[in-house]
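Note sheet for the following structure.
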Amino acid sequence: PHDHQLEGACKALDESDVLAITPTGSGKTGFLLVYMHVAQAIVKDPEMCPKDLRSRMTVDPCMVLVCPTKLSNMTWCVTYPATGLSALVINADTKQSAQEIGVDIWQKASSGVAVILLSPEQLSSPEFRRLMKDKTFARRLMALNVDEVPLLCTWGARFRTSYTRIGHIRAHFARSPAFVIALTATVCAGEQMDTICKYPSFHDGQYHLIHRSNVRYDIRWLFRTNRSGLYAYRFPELDWVLNTDTPREVVVFCQTIALTHRVFTYLRVKAAGLADRRECIRAFTSLTSASYNRKTIEFLRDTTDNGLCVIVGTDTMAFGLDARGTTDVVSFGHIPSNTNLMLQRAGHIRDGRLCDGRAIVYLPRKAAEIAAIALRTGATSRASRARKRTDNYNDANTKESHNIDPLMARVIIAACKVNALNTITTIRKPLSLSRYQWRWSRVVGCHSDTSDGFPWFGKGCRACSDSCNNTWSLVLNESSIISR
């Protein structure tokens, strides 16, 4: 495992919340794998852990991972069993499948499963609430995990409000608090970071932040101008993806299903001379069948050199897809809604050094002008942009500038795109001393006569008031020493 994976797992084992922001392809899965394997190893051999720390481990330990997309569920449920951890996916599809064969999937989750993969909607389901009230299950639970945590700000605020209930859920478990490990590749400083910390109840000084720059220096960023209109049926600027002399594996992202199918149809017709065009040029949307999408995913994951591969799809495949063979990622026909999405898409290129990886963004002709207007008007959020509409709102460019993310606008007009991306994703690291414990040293006059360990919240001991002036002693947390 990498150092940052060990760091995150050790902090979680020290009973600290963890927010891990690491680049796509850097091994975010490893945080959870290391954490669960260490927990299971200590349960099997308690002598590996000091006596005063063994109470942190539970028999038959498990964790819950909230996955925002079915695609991420498919990825995780393959990854965990491959490393020896049992996994169970619970979403609308698996619940229906279990009912059809007479299996109680929630009963199956109550014991014997190491990793429970939940869709956000299941957090507010009556079945999950009943599972939370099960004392046996509550003792088993060691962590609540959230994958792709920035979606709390977008999907959680708009149409998947259950996604924001992770903070409420943790308060219901007997293990107080149930520790949260939140994973992402893309978070921007400021409002988005504050929102992400609000829902899981992360407070400065009370969680551990692992932040590695998500700028991928192994990928070339290219910004080009659209030659086709938004409602066109011909897209000659994409003809290069059909080059069979030097075939590449290309993923093209479109904003809408309609544009996706127009681009897909154009490329299929353009490639009429290719014998296997039906296999090598494919679409991926929520309207294509599940079996067709599964075959497309298998096609993307195939790392053998099978020649040309072009996948045109929506952001349904932007999150949770491990497509290791991808060489080029294209954002086509629109200004990306935010920099997180743009970086997330580019993350499908796992190692750009091996394939001359390129992230290509096709922008509308007046994108730079629109971005300049957005920055000049000082737009900072959708709400504030709505309040700042002026008399010249009817101007098309001004109107569109109110809908552009200000951070995305900064990238569009920046002379160096990579430097701009790195700057806007720099986050101040909060004070965190979870590697250590503050232990109470008994002093005459204190109402507490026992030694106990407390996380550092800048308060007095539990028995005294917040203004308690008795002394504290700093003790190195033994679990960190052992884990390292």
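In our numbering, the protein residues as written are 1269 to 1752.
Glycine included, every Cβ here is placed at the ideal spot set by N, Cα and C.
Check this for me: beta carbons of residue i and residue j, under 7 Å apart or not?
i            : j            : result
residue 1635 : residue 1681 : no
residue 1449 : residue 1411 : yes
residue 1487 : residue 1683 : no
residue 1330 : residue 1385 : no
residue 1298 : residue 1269 : yes
residue 1632 : residue 1494 : yes
residue 1509 : residue 1452 : no
residue 1491 : residue 1629 : yes
residue 1471 : residue 1284 : no
residue 1688 : residue 1643 : no
residue 1606 : residue 1673 : yes
residue 1561 : residue 1567 : no
residue 1340 : residue 1415 : yes
residue 1479 : residue 1289 : yes
residue 1516 : residue 1404 : no
residue 1550 : residue 1564 : yes
residue 1409 : residue 1512 : no
residue 1559 : residue 1690 : no
residue 1555 : residue 1579 : no
residue 1685 : residue 1489 : yes
residue 1314 : residue 1324 : no
residue 1413 : residue 1333 : yes
On the three-state DSSP scale, how would you describe residue i?
i            : result
residue 1675 : helix
residue 1647 : In this prediction, residue 1647 scores a pLDDT of 47, lower than 50, which makes its location untrustworthy; the coordinate-derived value is nonetheless stated afterwards. Residue 1647: coil per DSSP, three-state reduction.
residue 1396 : helix
residue 1330 : strand
residue 1449 : strand
residue 1211 : Because the chain in this structure spans residues 1269 to 1752, residue 1211 falls outside the shown range and cannot be described.
residue 1587 : coil
residue 1688 : helix
residue 1411 : strand
residue 1660 : Because residue 1660 carries a pLDDT of 42, less than 50, the predicted location of this residue cannot be relied on, and the following value inherits that uncertainty. Helix, per DSSP.
Assuming residue i is part of the beta strand (DSSP E), what are its boundary residues?
i            : result
residue 1302 : Note, residue 1302: premise wrong, no beta strand (DSSP E); alpha helix (DSSP H) at 1297-1312.
residue 1599 : 1596-1600
residue 1631 : 1626-1631
residue 1286 : 1285-1289
Starting from residue i, trace the alpha helix (DSSP H) both ways and give me its first and last residue.
i            : result
residue 1276 : 1271-1281
residue 1250 : Absent from the structure is residue 1250, since the part of the chain shown begins at 1269 and ends at 1752.
residue 1417 : Note, residue 1417: premise wrong, no alpha helix (DSSP H); not H, not E.
residue 1404 : 1403-1408
Exercise. Would you be able to state if there are at least three C-beta pairs under 8 Å between the region 1392-1412 and the region 1581-1597?
Key: no
Quiz item: How do the region 1271-1281 and the region 1302-1315 stand: do at least 3 beta-carbon pairs fall below 8 Å, yes or no?
Solution: yes
Self-check item: Every unbroken alpha helix (DSSP H) inside the region 1339-1398 [4 residues or more]
Solution: 1360-1368, 1373-1377
Practice problem: Could you tell me whether the region 1357-1367 touches the region 1383-1391, using the rule of 3 or more Cβ pairs below 8 Å? | Solution: yes
Self-check item: In chain order, each alpha helix (DSSP H) run of at least 4 residues that lies wholly inside the region 1452-1516
Solution: 1459-1466
Quiz item: Does the pairing of the region 1533-1545 with the region 1508-1523 give three or more beta-carbon distances under 8 Å?
Solution: yes
Exercise. Starting from the N-terminal side, write out each stretch of the alpha helix (DSSP H) that is 4 residues or longer and does not extend beyond the region 1545-1581.
Key: 1545-1548, 1558-1569
Practice problem: Count the C-beta pairs between the region 1594-1606 and the region 1496-1508 that are closer than 8 Å, then say yes if the count reaches three, no if not. | Solution: yes
Quiz item: When the Cβ atoms of the region 1314-1330 are set against those of the region 1371-1385, are three or more pairs found closer than 8 Å?
Solution: yes
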